[in-house]
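Please read the structure below before turning to the comments.
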Amino acid sequence: MATGRTYDVVVLGATGFTGQKIAEEMIESKFQGSWAVAGRSRSKLENVVERLDLTSASVRPDIVLADVGDAPSLLALACSTRVLISAVGPFRRYGTPVVKACIEGKCDYLDVCGEPEFMERIELEYGEAAETAGVLITSALGFDCVPADVGTQLAASLFKPPARCTWVESFVSIHAGEAGLGGNFATYESAVFGYAHAQSLSRLRKQAAAAKGKVDLKIPGPRPRQSAKPVWDARLRRWTLPFPAADASVVKRTWAGLAKQGEAAAHTSVSFTLADRWTVALYVFFGTIFSFLANRAWGRTLLLRFPSLFSYGVFSREGPTDRQIHDTRFEYLHIAHGHADPAAAAAGAPPDEHRSVRIVGPEPGYIACSIFVTQAANVLLEERDAIGARGGVLTPGLLLRGTSYLDRIRARGIRVEEVPTPSA
Numbered sequence: 001m002a003t004g005r006t007y008d009v010v011v012l013g014a015t016g017f018t019g020q021k022i023a024e025e026m027i028e029s030k031f032q033g034s035w036a037v038a039g040r041s042r043s044k045l046e047n048v049v050e051r052l053d054l055t056s057a058s059v060r061p062d063i064v065l066a067d068v069g070d071a072p073s074l075l076a077l078a079c080s081t082r083v084l085i086s087a088v089g090p091f092r093r094y095g096t097p098v099v100k101a102c103i104e105g106k107c108d109y110l111d112v113c114g115e116p117e118f119m120e121r122i123e124l125e126y127g128e129a130a131e132t133a134g135v136l137i138t139s140a141l142g143f144d145c146v147p148a149d150v151g152t153q154l155a156a157s158l159f160k161p162p163a164r165c166t167w168v169e170s171f172v173s174i175h176a177g178e179a180g181l182g183g184n185f186a187t188y189e190s191a192v193f194g195y196a197h198a199q200s201l202s203r204l205r206k207q208a209a210a211a212k213g214k215v216d217l218k219i220p221g222p223r224p225r226q227s228a229k230p231v232w233d234a235r236l237r238r239w240t241l242p243f244p245a246a247d248a249s250v251v252k253r254t255w256a257g258l259a260k261q262g263e264a265a266a267h268t269s270v271s272f273t274l275a276d277r278w279t280v281a282l283y284v285f286f287g288t289i290f291s292f293l294a295n296r297a298w299g300r301t302l303l304l305r306f307p308s309l310f311s312y313g314v315f316s317r318e319g320p321t322d323r324q325i326h327d328t329r330f331e332y333l334h335i336a337h338g339h340a341d342p343a344a345a346a347a348g349a350p351p352d353e354h355r356s357v358r359i360v361g362p363e364p365g366y367i368a369c370s371i372f373v374t375q376a377a378n379v380l381l382e383e384r385d386a387i388g389a390r391g392g393v394l395t396p397g398l399l400l401r402g403t404s405y406l407d408r409i410r411a412r413g414i415r416v417e418e419v420p421t422p423s424a
């Protein structure tokens, strides 16, 4: 990587809701490097900087103008910094030019994307170029998909040879206060287009398999089955449904990357938990309408025109209120199953060893998200030699393993701990 850059970190898209929260986290975590906020509008960027709670211990960010539609400005931006954090979404629409600029400008790229189609396309189309350039490209460094990916790897690592982990089931729970949940329109918009391009993702995966071959994970024993319908889990005393986010796909990519390196992999399932039948009914009702409309052009127009109506009031163009953010937290529980004797797994015996990890943190979509991505940037700045790859497109799990990342997010208030495995 080139040195002598003007900045250690640049936050691109800092005038958006998520970008502002990332800038705030840079200040609150007392980042001591040189950094800048970047976007199209100087006046809006100035407003962002003026709202930051700058103290004597804070490094005031510079302002840099750049536009995702202006390739020269993106290249100049990439050449000025060691790490670029992008909060400009939807990434399917705006992400590729930024990645290209980072590869050409030889700066590491991080984002908070939760769009599988974008992430897997970037890996297919730019993985070799990034590796050749010595540039690290990592998406999904927000709530999608850090707690899923690093939590799964941590839970699996608790099995000591010859014991073997063969399955990690993950459960995500969101706990809101009396003001309810709140989300920003850009997050909602990304979800709409993510559903709309599910077929594109399927074609992309076939293309990737044809180009690179399918990775054999070599997991002993039968594949666990996950119900597509709501299921009462007596261990958690909550209802569970498949989590319709990028988490499972990202974790599977991490396992594939580890399998390529000759390491043991495990099956993955990710579920969303709900407290009662009424909440389950609402979730299924609105989810069915959302998926139906998202797959039709006229339906997407309706979804984007009336976000609050079609999300039961969760998403709006105004974004969440301060109270909603303050009162919301997340919990991610990873239950890892395996065998003391791997031969027993191959013979189809039920798991006889179990380990569990819990990750708990503040409001996930913007506060925890900002913590996750800024601490990943610190890892790149301070521990790049500890990362196994010198360049390429990596998942969060592949990028951050072997570093002090877990200690860093713990220091910012994220609780990561081994817990007793729940039983029915």
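For the sequence shown, the positions run 1 to 424 when full-length UniProt numbering is used. Every residue gets a Cβ at the ideal spot worked out from N, C-alpha and C, and that includes glycine. No experiment lies behind these values; they were computed from the predicted model shown.
Starting from the C-beta of residue i, find all residues in its chain whose C-beta is less than 6 Å away, skip the five residues before and the five after it, and write them out in chain order.
{"i": "A130", "result": "I103, I137, G391, G392 and V393"}
{"i": "L333", "result": "F171 and R358"}
{"i": "residue 440", "result": "In the structure as shown, the chain begins at 1 and stops at 424. Residue 440 is therefore absent and cannot be evaluated."}
{"i": "A2", "result": "Low confidence applies to A2: its pLDDT is 46, below 50, so where it sits in the model is not reliable, and the reading given next is rough at best. The residues are K106."}
{"i": "P422", "result": "R235"}
{"i": "R317", "result": "F185"}
{"i": "S308", "result": "S316"}
{"i": "P161", "result": "none"}
Are the Cβ atoms of residue i and residue j separated by less than 9 Å?
{"i": "I409", "j": "G361", "result": "yes"}
{"i": "E120", "j": "L201", "result": "yes"}
{"i": "V135", "j": "G397", "result": "no"}
{"i": "T15", "j": "V64", "result": "no"}
{"i": "G338", "j": "C165", "result": "yes"}
{"i": "D216", "j": "A259", "result": "yes"}
{"i": "A156", "j": "D341", "result": "no"}
{"i": "V168", "j": "S269", "result": "yes"}
{"i": "L304", "j": "E125", "result": "no"}
{"i": "S173", "j": "T321", "result": "no"}
{"i": "A345", "j": "P351", "result": "yes"}
{"i": "S271", "j": "Q226", "result": "yes"}
{"i": "G402", "j": "A386", "result": "yes"}
{"i": "D111", "j": "A133", "result": "no"}
{"i": "K218", "j": "A265", "result": "yes"}
{"i": "T18", "j": "T81", "result": "no"}
Quick one: grab the DSSP three-state call for residue i.
{"i": "D144", "result": "coil"}
{"i": "L75", "result": "helix"}
{"i": "N295", "result": "coil"}
{"i": "I137", "result": "strand"}
{"i": "A2", "result": "Caution is warranted here: a pLDDT of 46 is assigned to A2, below 50, making its placement in the model unreliable, and no coordinate value can be reported."}
{"i": "G95", "result": "helix"}
{"i": "C165", "result": "strand"}
{"i": "T55", "result": "coil"}
{"i": "G257", "result": "helix"}
{"i": "T152", "result": "helix"}
{"i": "E216", "result": "Here the sequence assigns Asp to residue 216, which means Glu is not the residue at that position. Correct three-state label for D216: coil."}
{"i": "S200", "result": "helix"}
Tell me, which residues are paired with residue i by DSSP?
{"i": "H354", "result": "H337"}
{"i": "W232", "result": "W239"}
{"i": "P362", "result": "R329"}
{"i": "D62", "result": "A36"}
{"i": "N184", "result": "S316"}
{"i": "L274", "result": "W239"}
{"i": "Y405", "result": "Paired residue(s): none; Y405 is not in a bridge."}
{"i": "T81", "result": "Y7"}
{"i": "E189", "result": "Answer is none; E189 lacks a bridge partner."}
Spatial neighbours of residue i within its chain, please: CB distance less than 8 Å, with the 5 preceding and 5 following residues excluded, ordered by chain position.
{"i": "R223", "result": "H267"}
{"i": "L302", "result": "L293 and F310"}
{"i": "A66", "result": "L12, A38, G39, R40, S73, L74, A76 and L77"}
{"i": "K229", "result": "L241"}
{"i": "F159", "result": "C165, A336, G338, E353 and R355"}
In whole angstroms, what separates the C-alpha of residue i from that of residue j?
{"i": "L380", "j": "I289", "result": "41 Å"}
{"i": "L77", "j": "G69", "result": "13 Å"}
{"i": "L282", "j": "P242", "result": "15 Å"}
{"i": "A424", "j": "R238", "result": "11 Å"}
{"i": "T279", "j": "D247", "result": "22 Å"}
{"i": "P72", "j": "P97", "result": "10 Å"}
{"i": "G254", "j": "L84", "result": "It is Thr, not Gly, that sits at residue 254 in the sequence shown. Straight-line Cα distance between these residues: approximately 22 Å."}
{"i": "S34", "j": "P61", "result": "7 Å"}
{"i": "I27", "j": "A36", "result": "12 Å"}
{"i": "R51", "j": "L45", "result": "10 Å"}
{"i": "E117", "j": "S249", "result": "10 Å"}
{"i": "D108", "j": "T187", "result": "24 Å"}
{"i": "A349", "j": "E331", "result": "31 Å"}
{"i": "D8", "j": "E363", "result": "27 Å"}
For chain B, check one thing: does any of its Cβ atoms lie closer than 9 Å to the Cβ of residue i?
{"i": "C79", "result": "Protein chain content of the structure displayed is limited to a single chain, and chain B is not contained in it."}
Flag residue i as yes when its Cβ comes closer than 8 Å to any non-hydrogen atom of the ligand SAM, and as no otherwise.
{"i": "G348", "result": "Questions concerning the ligand SAM fall outside what the structure shown contains, since it holds no ligand whatsoever."}
Suppose the cutoff is 7 Å on Cβ atoms and the five residues either side in sequence are ignored; what does the same chain contact list for residue i look like?
{"i": "C113", "result": "G89, F91, G95, M119, S139 and A140"}
{"i": "E25", "result": "S370, I371 and T374"}
{"i": "I367", "result": "K21 and I325"}
{"i": "A245", "result": "G114 and D144"}
{"i": "V99", "result": "Y109, I122, Y126 and I137"}
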